[in-house]
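Data block below; observations after.
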Amino acid sequence: MKVKEIVDLLSLKVYSCEDSLQGEVTGGYASDLLSDVMGHSKEGQVWITLQTHKNIMGVASLRDLSAVILVKGFTPDDETVKLSVTEGVPLLGSDMEAFELCGKLYEVLGTQK
Amino acid sequence: MQFEYKVEGGDFTQAGHASSQIKKSLKQLGVDSSVIKRVVVALYEAEVNIVAHAYRGVIYADIESTGIKLTLEDEGPGIPDVEQAMRKGFSTASHAVREMGFGAGMGLPNISENADNLSIETVVGKGTTLRIEIKF
Ligand SMILES: Nc1ncnc2c1ncn2[C@@H]1O[C@H](COP(=O)(O)OP(=O)(O)OP(=O)(O)O)[C@@H](O)[C@H]1O
Ligand SMILES: [Mg+2]
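So the protein lines, in turn, are chains A and B. Residue 49 in the working numbering sits at position 49 of the first sequence, and the numbers go up by one each step. Throughout, the working numbering is defined as the position within the second sequence, counted from one, plus 113.
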């Protein structure tokens, strides 16, 4: 499933990379600890977090993640949006809490391949 | 091929710069992507440790045909008990650093899981040198 489809199905906000949401999503990883994500996320996953500073985009890009979703209506720092654009990793957002967002995401990723 | 990067303690805006540059170089060289992933994890964690725990440091990366050697030398407080520091979950990170999602005590374990060789030399009150080797 493409990032764009997830944006549409979960009505996500798009903070960056609007024109390049074609990346393939292979799964998800939920964590607010950067070294946990660094060590254990997998290429193509979307990362669900409440961290908003620019280092999240550094980690997402280094790990070849397909997108980052900020939960609970948290908004990204300007620097985070900038780095997201430079690295070409879409930065998305939702008002849902992590639990609910993960549940919905698991559902849509599970039913479609 | 040799690279050198300076790292400033406390400056999280630049954290990950060296890792990102080295990742690009390895990609251009056509190094296997699973190897690149391991290099990226190990280097990023070591780089962030200088930012989070030391005053300043230098990263030397030496890329050869058989592998990469990374040396991270910092001036900083040093590590009083390396065995304890290597344990998953052990961290002395400040409150501010933890709020950013660092300080889970997973960095050094991540490095040792991804490196073929890891050595840590450290002198309390002076600094720490990490040597990481990953074969291609
Ligand atoms: N370069 C260093 N200089 C001084 N102390 C260090 C250095 N690197 C690691 N340490 C010490 O070792 C501890 C464990 O390091 P480790 O990278 O495993 O976890 P962390 O940096 O605290 O958290 P995380 O890496 O999960 O964000 C640190 O909290 C710190 O006390
Ligand atoms: Mg660390």
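Cβ coordinates follow ideal geometry from the N, Cα and C atoms, glycine included.
query = Among B:Asn230, B:His166, B:Val171, B:Ala167, which one has its Cα closest to the Cα of Ser132 of chain B?
reply = The alpha carbon of Ser132 of chain B has as its nearest neighbour, out of B:Asn230, B:His166, B:Val171, B:Ala167, the alpha carbon of B:Val171.
Opposing strand residues paired with Val68 of chain A [DSSP bridges] = For Val68 of chain A, the pairing in a beta bridge is given by DSSP as A:Trp47, A:Leu91.
task = Assuming Lys201 of chain B and Gly218 of chain B form a contact by the criterion Cβ under 8 Å, report the distance between their Cβ atoms to the nearest whole angstrom.
result = With a Cβ gap of about 6 Å, Lys201 of chain B and Gly218 of chain B count as contacting.
task = Using only the heavy atoms of ligand 2, determine whether one of them is closer than 7 Å to the beta carbon of Glu160 of chain B.
result = In terms of side-chain proximity, the C-beta atom of Glu160 of chain B is found no nearer than 7 Å to any non-hydrogen atom of ligand 2.
task = Using the Cα positions of Glu186 of chain B and Leu33 of chain A, report the straight-line distance between them to the nearest angstrom.
result = One C-alpha to the other measures close to 25 Å.
task = May I ask whether a heavy atom of ligand 1 can be found less than 7 Å away from the beta carbon of His208 of chain B?
result = No, since every heavy atom of ligand 1 falls outside the 7 Å radius drawn around the Cβ of His208 of chain B.
query = Which residues bound the alpha helix (DSSP H) around Tyr157 of chain B?
reply = It spans 146-166 - the alpha helix (DSSP H) in which Tyr157 of chain B sits, taken as one unbroken run.
key: CB contact below 8 Å: Gln22 of chain A versus chain B   = The beta-carbon of Gln22 of chain A is placed no less than 8 Å from the nearest beta-carbon of chain B.
Lys182 of chain B - DSSP class collapsed to helix/strand/coil = Reduced to three states, the DSSP call for Lys182 of chain B is strand.
task = Give a yes or no on whether the minimum CB-CB distance between Asn89 of chain B and chain A is below 8 Å.
result = A query on residue 89 of chain B cannot be resolved here, the shown segment of chain B reaching from 114 to 249 and no further.
8 Å Cβ cutoff met for Tyr173 of chain B and Glu246 of chain B = No, these two residues do not count as a Cβ contact at 8 Å.
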